[in-house]
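From first to last, the protein sequence lines are chains A and B. Following this note's numbering from start to finish, the first sequence increments by one per residue and tops out at 687. Following this note's numbering from start to finish, the second sequence increments by one per residue and tops out at 527. The beta carbon of each residue, even a glycine, is placed where N, CA and C say it ideally should be.
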Amino acid sequence: MKKHHNNPDSCTACTVCIANCPVTAATRKFRGPKMVGPTLERMRLSQDDIEPSLEYCSNCKNCDMSCPSGVPISTLNMLARAKYFKNRKRSLRDWILSHGEKMAKLSAATPGMANFGMKMSRGILKKIGISDKAPLPAYASKSFIKLFKNLKQTSYPDKVVFYPGCFINYNDPQVGMDFVAVMQANKLEVIVEEGFVCCGSPLVVNGFLDEAEENAKQNVQILKKWTDKGYPVITCCTSCGLMLKQEYQELFHIEGVAEYAKQLYDADEFLLDLHDQGRLNTNFGTLNEKYMYHAPCHLRAQGMGLPGVELLALIPGLDVQDADAGCCGISGNYGFKDDKYDISMEIGSGLFKAIKDSGRDTVVSECGTCRLQIGHGANVKTLHPLTLVRKSYEAYHK
Amino acid sequence: MQKTTVVVIGGGATGVGILRDLCMRGVDAILLEQQDLAYGTSSRYHGLLHSGGRYAVKDAEAGKECIEENTILRKIGRHCVEQTEGFFARTHLDDEAFEGKWVEACAKVGIPTIPISVEEALRLEPNLSPKIKSVYRVPDAAIDGFRMVWQNVASARKYGGRVLTYTTVIGIEQSNNQVVGIKVRNTLTGEVSDIACDFIVSAAGSWAGEIAALAGINVNVQPDRGTLIAFNHRITSRIVNRLRPASDGDIFVPHGSITILGTTSASVNKPDDTVPNAKEVVELLNIGEALFEDIRSYRMLRAFAGTRPLYSADPNATGRGASRGFVTLDHAHDGLKGFVSVVGGKFTTYRLMAEKVTDLVCGYLNVKTPCRTAVENLVEDTSPALMAKARLYFPAYGAELAASRLGSEGLEKVIARIQEKPEKRQLLCECENVTMAEVEEAAADSTSYMISDVRRKTRMGMGTCQGAFCTFRSVGAVDANGLSWGKDTNVLFKEFLQGRWKGIRPILWGNVMREMELTRGIYEGTLNINGAIDNEGI
Ligand SMILES: Cc1cc2nc3c(=O)[nH]c(=O)nc-3n(C[C@H](O)[C@H](O)[C@H](O)COP(=O)(O)OP(=O)(O)OC[C@H]3O[C@@H](n4cnc5c(N)ncnc54)[C@H](O)[C@@H]3O)c2cc1C
Ligand code: SF4
Ligand code: SF4
């Protein structure tokens, strides 16, 4: 078997990635994807030193998408970051931001308290380096897993496995519930496996690579179990999807990822596939509403087009306009950091303007943290596309 | 007319080693080099500071010389030696019986060999083929030819040594069977001049036969070409030798950011027949696959070739000296006093060769000062304070490299340039991490006449893009600095790009082809360099 290694060899120094990196456009503090990625990778293999601007990469993956040579630039950056932190202490801030799952579990006993505490302690968070302006997510009073357990599904022979991910599970469970409703409307039964853990994306960006790998191993085992039985696995979060499918392959040497990845779907993508096969429930009720749409970078990085836009186009009356204005700037927990907040807002400014100019008051997007940032930066309401799909199914029966 | 006691011909390792040794013993000397320093085999080679393991079985004496010199050079030349250590790995294709013989032979000449498990070897070097059968650790190291040559010169200059580059020897002046001077031609201006001297030492490597012929003396040197491949990144952090009787394509040597695989062997007519071809490259890849099975997925940067000065003695000659590795020919035996040629040997033994020749010359000159080249470091260590300062001015991964290239004095000068104009900190060569300030410093040196001279001093243009971006930047810098040799920028462009092309041509497929198309787009399309050069003729 050919060893999977991310060598810097295919870079031709064409500089396309530099032109497409939103962080490079927003700040001179970052030396850019080509330099920090493939170019310095050659140096990292031969010397021990620190590139201070490495911390500015947000892992948004616009570089990877634009590279005509297929260089996994952002992954080189993340691996370098992990190497950097191998024998260095990490900040409390980075620990907190990377361990959303642990934090959520800690506060799960008293969710109301946790949110209350969160508001009260923004001053303290600021002291440890979390911006007091950033749109930190609140914990939901009941996690998705809890809500799901109390839900009575109709059983169907065709089943799908749902990977909720931390954001849906702890912060935005309604998206998960909408997903289940949409699946049920399509005569599919949803299986949720409690053994799933955080995909590792927030760990990777702060250099907790070993922990991320532990998580990956556990998830891979479960994913393989279900895909081996022929069940599709579906995510509603594009960063989780990208991680489980692609980044696991680039970051870790775990067997079998390439195989199960073929049966891993984004929810919108999955529904469109059903449509192609003539199996989608198209009993859509009319929604005479207008929305803007924002494509998350991690959706675009998966190279599947814009399934959300295509899917919503099936709903009669619905007017969804693609903002097509690049990265929103949040990149997971990047924009939460005090020293990155301004950069993050600068990156998103183009998108915010496009949204404001459109005059539309609600933005649809698959990614939970994109929705937070857009709500914050453009002062609008936000939705997951599946929420509209569910609404349309329900409208049909009214 | 210039005057000196000894003229040394050849700016390779041997020549600069002799210059340094002579100067350290207080003998006045000038070194002449027809091109730039390290133009010859001393940069067109593998860069392995042999532990001697490669020679132990067949030539115990050479093995012994290697391990002794290896130990000395690690110490005195630590700024050009990378102490990587080496592996000898036997692949599934290699004869098991040889392994025992090899271990025994190494022990006999004092080369330490430590067996390790294949598993451990793969942990240390994950890119190695898992099919290898057994592995030993040896004290091999990587040695940078350019830097070694430069640092010898820097040391010699401190002791009064003089160096003339782009100065070719065209005649040896004699009177009553005694050398009295040398006739030279400046290869850039064509100007011919004479230098009076009492002694000439020819350290012209593969060219030694041509030099001796100028005095009507026959020195039988057969140039033997070896081709090497430079890979874009460090695929191994240790030297890896194939554990089998020495043969083609046996060795991988990591150097800074790259890895070099070699070599082939073929008799050629001319010492500067150094144009490699695709057939040799493919042969090397085929052989190299046994040690690194993914070899074809690693990007090549270029292929290059050098010629070994293989010497065959005339059986009727008398007074032929020294070891089997190299010979010192005192041409007094051929009827001309004050003329010595030194031929053969290896880079690893350059210092020993220099010592032997200098002993001989000093004997004639009645100089009794003992040789100290084995105990005095080539360049001083950069002080921790200066290093700390350098880190403030150089970009990441740049300070150590610059310090090892420049030495303390050069480093101070480059820092001063950056202090004066902070924008000079920007990288002119991004692939090899060379700042604008360092390029300008190298360009201003009295031995620089073209961009390639700057390249040899800095590694500019020797990384991934092979000149695609740094060519126009460096030509611009030279032009903007108003250097006397920078007036005709078209010539500068052509010289540098053609030089890069020579090594790219034999490996023109895959990523290299894509890079070359980008380069062509920049220079032929956007800058229309060829059009500019053609128009000059009108
Ligand atoms: C492919 C290859 C790989 C090798 N690998 C290794 C290795 O890994 N380790 C090792 O120890 N050894 C190695 N060697 C051997 C080693 O490179 C040489 O033995 C050594 O570099 C020779 O140095 P030199 O100074 O004698 O010759 P050179 O470096 O060739 O210097 C001779 C100089 O004389 C100059 N000159 C010629 N004619 C004139 C003239 N008329 N006037 C003025 N100057 C003139 C030339 O321009 C040249 O620069 C290798 C050799 C080859 C070919
Ligand atoms: S991942 Fe995003 S921020 Fe990082 S280098 Fe690539 S484009 Fe720039
Ligand atoms: S886009 Fe790809 S090939 Fe071009 S400079 Fe960036 S990494 Fe290199």
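Item, Value
"Name the one or two DSSP bridge partners that Thr296(A) has.", "Reading off the sequence shown, one finds Asn at residue 296(A), where the question assumed Thr. Beta-bridge pairing links Asn296(A) to no other residue."
"Under a CB-based cut-off of 7 Å, is Asn305(B) close to chain A?", "For Asn305(B), the predicted structure reports a pLDDT of 48, less than 50, and the residue's modelled location is therefore unreliable. The matter cannot be settled from this model."
"Alpha carbon to alpha carbon, how far is Gln610(A) from Ile480(A)? Give it in angstroms, no decimals.", "33 Å"
"Which two residues bound the contiguous alpha helix (DSSP H) that contains Ser355(A)?", "351 to 355"
"Taking 7 Å as the threshold (beta carbon to beta carbon), is Ser335(A) in contact with chain B?", "yes"
"Name, going along the chain, the residues of the segment 221 to 248 of chain B whose beta-carbon falls closer than 9 Å to a beta-carbon of chain A.", "Asn221, His222, Arg223, Ile224, Ser226, Pro243, His244, Gly245, Ser246, Ile247"
"Taking 6 Å as the cut-off, is the C-beta of Thr301(A) nearer than that to any heavy atom in ligand 3?", "yes"
"Where does Asn470(B) fall in DSSP's three states?", "coil"
"Could you tell me whether the segment 187 to 198 of chain B touches the segment -9 to 1 of chain B, where touching means 3 or more Cβ pairs closer than 8 Å?", "yes"
"Using the Cα positions of Val98(B) and Ala49(B), report the straight-line distance between them to the nearest angstrom.", "7 Å"
"So, is the C-beta of Ala130(B) closer than 7 Å to a C-beta in chain A?", "no"
"Checking contacts by CB at 7 Å: is Pro104(B) closer than that to chain A?", "no"
"For Lys375(A), count neighbouring Cβ atoms within 10 angstroms of its own Cβ and tell me buried if that reaches 16, exposed if not.", "exposed"
"For a contact meaning CB atoms closer than 9 Å, what does Leu329(A) contact in chain B?", "Ala385, Tyr386, Asn422"
"Mind checking whether the beta-carbon of Lys323(A) lies closer than 6 Å to any heavy atom of ligand 3?", "yes"
"Cβ atoms of Ile619(A) and Gln662(A): under 7 Å apart, would you say?", "yes"
"Considering only the beta carbon of each residue, do Ser528(A) and His583(A) sit closer than 7 Å?", "no"
"Flag Cys356(A) as yes if its beta-carbon sits less than 7 Å from any beta-carbon of chain B, otherwise no.", "no"
"Quick one: which chain B residues come within Cβ less than 9 Å of Glu340(A)?", "Pro384, Ala385, Tyr386"
"Relative to ligand 3, is the shortest distance from any of its heavy atoms to the C-beta of Pro327(A) smaller than 6 Å?", "yes"
"Between Cys303(A) and chain B, is any beta-carbon pair separated by less than 7 Å?", "yes"
"Under 8 Å: do the segment 338 to 348 of chain A and the segment 363 to 381 of chain A share three or more Cβ pairs, one atom per stretch?", "yes"
"What does Thr453(B) touch in chain A if you count any residue whose Cβ is under 9 Å from its own?", "Pro297, Asp298, Cys300, Thr301, Ala302, Pro327, Thr328, Arg331"
"In the structure shown, what three-state DSSP assignment does Gly308(B) receive?", "Low confidence applies to Gly308(B): its pLDDT is 37, below 50, so where it sits in the model is not reliable, and the reading given next is rough at best. Gly308(B) falls in the coil class under three-state DSSP."
"Could you work out which residues of chain B lie near Met324(A), taking near to mean beta carbons separated by less than 7 Å?", "Glu419"
"Does any CB atom of chain A fall closer than 7 Å to the CB of Ala311(B)?", "Summary for Ala311(B): the model assigns pLDDT 35, below 50, so the residue's position carries little reliability; its value from the coordinates is reported in the next sentence. By this cut-off, Ala311(B) is not an interface position."
"Pull up the distance between the alpha-carbon of Met137(B) and that of Ser118(B), whole angstroms please.", "32 Å"
"Confirm the yes/no value for this check: CB of Ile362(A), any heavy atom of ligand 3, distance under 6 Å.", "yes"
"Looking at the unbroken alpha helix (DSSP H) that takes in Val127(B), where does it start and where does it end?", "Looking at the DSSP string, Val127(B) is not in any alpha helix (DSSP H); the run it does join, the beta strand (DSSP E), is 123 to 127."
"Got a sec, what are the start and stop residues for the beta strand (DSSP E) Thr216(B) sits in?", "210 to 220"
"In the DSSP assignment, find the unbroken alpha helix (DSSP H) run with Asn460(A) in it and report its ends.", "Counting along the chain, Asn460(A) falls outside any alpha helix (DSSP H), and DSSP gives it neither H nor E."
"Count the other CB atoms within 10 Å of the CB of Arg333(A); is the residue buried (16 or more) or exposed (fewer)?", "buried"
"Look up Ser164(B) in the DSSP assignment and say whether it is helix, strand or coil.", "strand"
"Following a CB-centred definition, is Val486(A) positioned closer than 6 Å to any heavy atom of ligand 2?", "no"
"Are the segment 398 to 413 of chain B and the segment 374 to 381 of chain B touching, with three or more C-beta to C-beta distances below 8 Å?", "yes"
"Terminal residues of the continuous alpha helix (DSSP H) containing Tyr623(A)?", "Counting along the chain, Tyr623(A) falls outside any alpha helix (DSSP H), and DSSP gives it neither H nor E."
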